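Data first, discussion second: the structure below is written as structure tokens.
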């Protein structure tokens, strides 16, 4: 991949899923909400307490994530109170986990003091540390030098 | 992981490698430069032609990426011209590939028309499509529900 011949044109590249995804989840509070969701946080007040952002910002970001299909709202009612909503991760959010884990571990290795962050992620099955990697359809690891970028044939409507 | 008990404190969470990494690579032009680097682009004029950003922006982002250890500058000289520099990915940049591949594939699946983007990534070894995933120390796939977040014991200096 590192030495791959450039076949893509500028118009292909402008239509870029990396940039699209980042424009959705790249904002600081958005990614921190997603992180907290995977820590098990579901309720507005708990997000607010942990993130210490403004309620208006939190509300707007939860709305964005819900509309984007990353969170779903589930009603609940505490005794004597009005109905409120919890926010739970969808399958689409779970599919982002390799990105979140990869961002975390790259930051741990390259930006954190002492090369470690505040949390480790382990497999419950065997207690091993886990990390983000690139695998093929059989689930076998693929080395970066064995990756090949191939342009997808497409019509003019997508340029 | 989805149901994990919250043990981390707010101060643990503020010290967050996900947010740190995004603050470095989350800017639009920065991530597009990295993407082009893995397409094999190395030279200023070629980045400029493909990205169509301003030369000042490109220059600033290349400087940021070089200072962050993601690109290294290598001198070259065309006949009759002054020395110029190419930008090549470092090992730290290669370690970001699972993140870039994950961002791309999530965007392809959830944001792109028709559920596919402009490029596919395949293994040269067997021609299979590749994707970002979470694996353990043996390289075996780990399911999201088998992931466990554990706080790392640390002193007060890291809060």
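Residue numbers (the working numbering), protein chains in the order written: chain A, 865 to 1023; chain B, 865 to 1023. Each residue gets a CB set at the ideal place from its N, CA and C atoms; glycine is no exception. This structure is a prediction, so every number in the text was calculated from the model and none was measured.
According to the Cβ coordinates, are residue i and residue j closer than 8 Å?
| i | j | result |
| --- | --- | --- |
| residue 975 of chain B | residue 998 of chain A | no |
| residue 980 of chain A | residue 1006 of chain B | no |
| residue 880 of chain A | residue 896 of chain B | yes |
| residue 934 of chain A | residue 920 of chain A | no |
| residue 938 of chain A | residue 947 of chain A | no |
| residue 1003 of chain B | residue 966 of chain A | no |
| residue 922 of chain A | residue 882 of chain B | no |
| residue 986 of chain B | residue 977 of chain B | no |
| residue 953 of chain A | residue 901 of chain A | yes |
| residue 1000 of chain A | residue 994 of chain B | yes |
| residue 936 of chain B | residue 930 of chain B | yes |
| residue 888 of chain B | residue 932 of chain B | yes |
| residue 891 of chain A | residue 970 of chain B | no |
| residue 988 of chain A | residue 1010 of chain B | yes |
| residue 996 of chain B | residue 996 of chain A | yes |
Which of the three DSSP states is assigned to residue i in this structure?
| i | result |
| --- | --- |
| residue 1014 of chain A | strand |
| residue 939 of chain A | strand |
| residue 1025 of chain A | The displayed coordinates of chain A run from 865 to 1023. Any statement about residue 1025 of chain A would go beyond what the structure contains. |
| residue 974 of chain B | helix |
| residue 999 of chain A | strand |
| residue 910 of chain B | helix |
| residue 854 of chain B | For residue 854 of chain B there is no data in the structure shown, the boundaries of chain B being 865 and 1023. |
| residue 1005 of chain B | strand |
| residue 886 of chain B | helix |
| residue 961 of chain B | helix |
| residue 880 of chain A | coil |
| residue 929 of chain A | helix |
| residue 934 of chain B | coil |
| residue 992 of chain B | coil |
| residue 865 of chain A | Any answer about residue 865 of chain A is weak, because its pLDDT of 44 lies below 50 and its placement is not dependable; what the coordinates show is given next. In this structure, residue 865 of chain A counts as coil in the three-state DSSP scheme. |
Could you list which residues in chain D have their beta carbon closer than 8 Å to that of residue i, in chain order?
| i | result |
| --- | --- |
| residue 918 of chain B | The displayed structure is made up of protein chains A and B, and chain D is not among them. |
Give the interface partners of residue i over in chain B, defined as CB-CB distance under 7 Å, in chain order.
| i | result |
| --- | --- |
| residue 885 of chain A | 967, 970, 971 and 975 |
| residue 962 of chain A | 962, 966, 996, 997 and 998 |
| residue 988 of chain A | 1010 and 1012 |
| residue 958 of chain A | 1008 |
Please compile the residues from chain B whose C-beta is within a distance smaller than 8 Å of the C-beta of residue i.
| i | result |
| --- | --- |
| residue 981 of chain A | 879, 880, 881 and 1016 |
Using a Cβ cut-off of 7 Å, pull out every chain A residue sitting near residue i, in sequence order please.
| i | result |
| --- | --- |
| residue 925 of chain B | By Cβ distance, chain A contributes nothing, its closest Cβ being about 14 Å from residue 925 of chain B, past 7 Å. |
| residue 1006 of chain B | 987 and 994 |
If the cut is a Cβ gap below 9 Å, which residues of chain B does residue i touch?
| i | result |
| --- | --- |
| residue 1001 of chain A | 987, 990, 992, 993, 994 and 995 |
Mind listing the chain A neighbours of residue i? Cutoff is C-beta to C-beta under 9 Å, in chain order.
| i | result |
| --- | --- |
| residue 933 of chain B | 974 |
Practice problem: Evaluate contact between the segment 886-905 of chain B and the segment 915-929 of chain B, counting only Cβ atoms and requiring at least three cross-stretch pairs below 8 Å. | Solution: yes
Worksheet entry | Under 9 Å (Cβ pairs) to chain B, residues found in the segment 888-916 of chain A | 888, 889, 890, 891, 892, 895, 896, 898, 899, 900, 901, 902, 903, 904, 905, 910, 913, 914, 915 and 916
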